[in-house]
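Participant: Structure below; questions to follow.
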Amino acid sequence: MRTVLLAACAVAVATSAAAAPRKAAPAPPAAAAPSAPGPADWRVPDPNDVLVIDTNKGRILVEMIPEIAPQHVTRMRELAHENFFDGLRFFRVIEDFMDQTGDPQNSGQGGSSKPNVTAEFTFRRGPDLPFVMVADQTVAEVGFIKSMPVMSQSMMLGAMTKDQKVTAWSLYCPGVAGMARDDNPDSGNSQFFLMRAAFPSLEKKYTAWGRVISGQDVVKAIKVGEPVADPQDRMERVRLLADLPEKDRPKVRVIDPKGPWFKAQVEQVRASKGAAFSACNVDIPVEVQ
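In case it helps, this note's numbering puts the sequence shown at residues 3 to 291.
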């Protein structure tokens, strides 16, 4: 339901002359666009952490983040090594939500022969994690770990915890890769989904283990349906970047959140969005050659 606010207008009556019109307050100056990123602004992701998903609609590259969901990243690596995902379909795709796949039955009822994975809805954040803050909300901090947008309790609380760390969780922004499950929190197995749009209600309820760094246009081009009508789009082949033959392996580099270009980009987006600023508004550029 949309709420509409109505502003009342007051009319001042003067006996001798009309009141002079008020001048509009000047808009705050826009932040300057950052210059082109330099060599120090880029990082090269670990090829063992990049999932290469070749679909009939094009290629998707997902950077897996073992720092936040180590068990789920291990599972995705195992299944990719076994060619488990090859040929599986996108059987449930909802516009402005997500693309679901990874089921050998292509129905949402199946999984691999491996045991289910324990939920990793949240993780412990300490000074050892490469966290770059983009918003300090006093009791919480918003930032990035590599390409993943995350939120955590304020690190000031770390001094009061046994492990000197605080609880953190991933933000379900466009491109985030999550593990599907049933009502049991610990029922993730092989089915996963790629976000077409931001969906905050999934946070701390579904494990996020990576994010699309290239091919978000492909994610949004996958045929929609619940279930998807035949013919369904499919993953033709899924491999780790490290497993591709050298001659076929694309060279990938991603903007590093720790670099000065990213900081300038965040400030430009913050100036544009104002109070509506969100980590989901911040792009992480990538180059694939």
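Note that CB positions come from ideal geometry on N, CA and C, so glycine has one too. For clarity, every value in this text was computed on a predicted model and none was experimentally measured.
Please report how far the alpha carbon of residue 261 lies from the alpha carbon of residue 112, in whole angstroms.
Facilitator: Computed Cα separation, rounded: 43 Å.
Participant: Taking the alpha carbon of residue 107 as the reference point, which residue from 201, 212, 229, 161 has its own alpha carbon closest?
Facilitator: Measuring from the Cα of residue 107, the nearest candidate turns out to be 229.
Participant: Can you name, in chain order, every residue of its own chain whose Cβ lies under 6 Å from the Cβ of residue 279, other than the five neighbours on each side?
Facilitator: Counting only Cβ-Cβ distances below 6 Å, and skipping sequence neighbours, we find 272.
Participant: Taking just the CA atoms, how far does residue 281 sit from residue 237?
Facilitator: Taking the straight line from one Cα to the other gives about 29 Å.
Participant: With a CB to CB cut of under 8 Å and the five nearest residues on each side skipped, what residues in its chain are close to residue 24?
Facilitator: Legend: pLDDT at residue 24 = 49, less than 50; position of this residue unreliable, value from coordinates given subsequently. Hits under 8 Å: none found.
Participant: Looking only at DSSP bridge pairs, what is residue 213 linked to?
Facilitator: Answer is 65, 178, bridged to residue 213.
Participant: Hey, quick one: how far does the alpha helix (DSSP H) through residue 81 stretch, first residue to last?
Facilitator: Residue 81 -> alpha helix (DSSP H) spans 72-83.
Participant: One question on the structure: do residue 256 and residue 233 come within less than 9 Å of each other, judged by their Cβ atoms?
Facilitator: No, the Cβ-Cβ distance between residue 256 and residue 233 is not below 9 Å.
Participant: Measuring alpha carbon to alpha carbon, tell me which of 91, 276, 72 ends up nearest residue 231.
Facilitator: Comparing Cα positions, the closest option is 91.
Participant: Using only CA atoms, which one of 49, 170, 39 lies nearest to residue 247?
Facilitator: For residue 247, the nearest C-alpha among the options comes from 49.
Participant: Measure the alpha-carbon distance for residue 148 versus residue 93 and round it to whole angstroms.
Facilitator: Computed Cα separation, rounded: 30 Å.
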